[in-house]
Amino acid sequence: MNPAVDPFLNELKTRTEVVDESLRGAFEKFPWPRTTAIENLKKSMGYSLLQAGGKRFRPHLTLLTAEAFAVNPRKVLPWAVAIEMVHTYSLIHDDLPCMDNDDIRRGQATNHKVFGETTALLSGDALLTEAFHFIANSFEQESAVGLRLIRLLGEAAGVLGMVGGQMIDLAAQKDQAVVDELYLMHKMKTGALIRAAVEGSAAICGLPFEKVQLCRQFGEKLGLAFQIKDDLLDGVSDRFENHSFPGILGKDESKKILEQVSFEANEILSSLGLTKNLLNELVSYNLNREL
-15 MNPAVDPFLN ELKTRTEVVD ESLRGAFEKF PWPRTTAIEN LKKSMGYSLL
35 QAGGKRFRPH LTLLTAEAFA VNPRKVLPWA VAIEMVHTYS LIHDDLPCMD
85 NDDIRRGQAT NHKVFGETTA LLSGDALLTE AFHFIANSFE QESAVGLRLI
135 RLLGEAAGVL GMVGGQMIDL AAQKDQAVVD ELYLMHKMKT GALIRAAVEG
185 SAAICGLPFE KVQLCRQFGE KLGLAFQIKD DLLDGVSDRF ENHSFPGILG
235 KDESKKILEQ VSFEANEILS SLGLTKNLLN ELVSYNLNRE L
């Protein structure tokens, strides 16, 4: 383990437990109809959301944003839950045969290999839809905030975000992606939800407009840095050479861009008055992580 990463992982461990507990609580409170078919759907959704593990990077980001501004992180937990539900939906759908056609994720069989393509497709649909349902219910007494979060989530998940980014990604598997399109693809497919995690948390915390916009910019930079790091860790293969930073720009140039984008992310934090907090640590963690 890289020494720059290990202490921060210990910081994240307790937050992971809080996030997982909140995910389980929200999941069990869904209004599940009592039928055999729905029980199978529930198992499929729970398999990917609760049992498959993962870094919980996006929920952590919502909590750390609140903590950076001295707000109780439990205030943003519903947003963390919704963000992770949308992220999980995207993974289920990405793995489908009509998309990336993956059989293994995080060392386990992908959802459609366990439950079948139809159930996996519906599980993803349900997680996406229930994320909006959960936000609407959680912020019923703060309708202005709730509406803002729903708008943010729609922007991040839709044509301007994950769906649009996935479409560009699928096209790039056939045609060599140009650099500008590579940036756009990752800004939409990966960066949009990371940006939303930060911006939504800032909005819940009641930060003024200017600070929320800076948080949005920070999220965009961190999202790009996260994707470049993932590309570097994945390496270059024939399958991904057309639509990854190392595949298009080379490993050395990709590392330079990662360092520059990480620097810019920290500069934005500095402009927010944040220089020695866990968001800065998160930027460093991403830069040095090995998984």
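For the sequence shown, the working numbering begins at -15 and goes up steadily by one. All C-beta atoms, glycine included, are put in the ideal place defined by N, C-alpha and C. All values reported here derive from a predicted model rather than from experimental measurement.
- request: Would you kindly check if the distance between the Cβ of F210 and the Cβ of A249 is under 8 Å?
  value: Locating residue 249 in the sequence shown gives position 265, counting from the first residue. Locating residue 210 in the sequence shown gives position 226, counting from the first residue. No, the pair does not count as a contact, with Cβ atoms beyond the cut-off.
Q) Who pairs with A93 in a beta bridge, going by DSSP? A) Translated into positions along the sequence shown, residue 93 becomes position 109. In DSSP, A93 forms a bridge with I88.
Checklist line | Same chain, Cβ closer than 6 Å to S281, neighbours up to 5 away in sequence not counted | finding: Shown here, the chain extends from -15 to 275; a query on residue 281 therefore has no answer.
- With contact counted as at least three CB pairs below 8 Å, one residue from each stretch, are the stretch 41 to 54 and the stretch 262 to 271 in contact? yes
Inspect the beta-carbon positions of A110 and L25 and report whether they are closer than 8 Å. Along the sequence shown, read from residue 1 onward, the residue named residue 110 stands at position 126. Along the sequence shown, read from residue 1 onward, the residue named residue 25 stands at position 41. Contact: yes.
Can you tell me the Cα-Cα spacing of T259 and I252, whole angstroms?
Here residue 259 corresponds to residue number 275 of the sequence shown, with the count starting at 1. Here residue 252 corresponds to residue number 268 of the sequence shown, with the count starting at 1. Looking at the two C-alpha atoms, the distance is approximately 10 Å.
Please name the residue, chosen from V60, F11, P15 and W16, that lies closest to R(-1) on a Cα-to-Cα basis. Indexing the sequence shown from 1 puts residue -1 at position 15. Considering only alpha carbons, the answer is V60.
Buried versus exposed, by CB contacts within 10 Å (16 or more), K(-3): Walking along the sequence shown from the start, residue -3 turns up at place 13. Flag for K(-3) reads exposed.
Q | Contact set for M(-15): own chain, Cβ-Cβ below 6 Å, skip 5 residues either direction | A | Position 1 of the sequence shown, counting from 1, holds the residue named residue -15. Because M(-15) sits at a pLDDT of 47, beneath the cut-off of 50, its placement in the model cannot be relied upon, and the point is left open.
Q.
Taking only three categories from DSSP, how would you classify M83?
A. Mapped onto the sequence shown, residue 83 falls at position 99. Residue state, collapsed to three classes: coil.
Decide yes or no for the touch test of the stretch 140 to 153 against the stretch 165 to 175: beta carbon pairs closer than 8 Å, at least 3 of them. yes
* Asked: Would the beta-carbon of E51 fall within 8 Å of that of L208?
  -> In the sequence shown, the residue the question calls residue 51 occupies position 67. In the sequence shown, the residue the question calls residue 208 occupies position 224. Contact flag unset, no.
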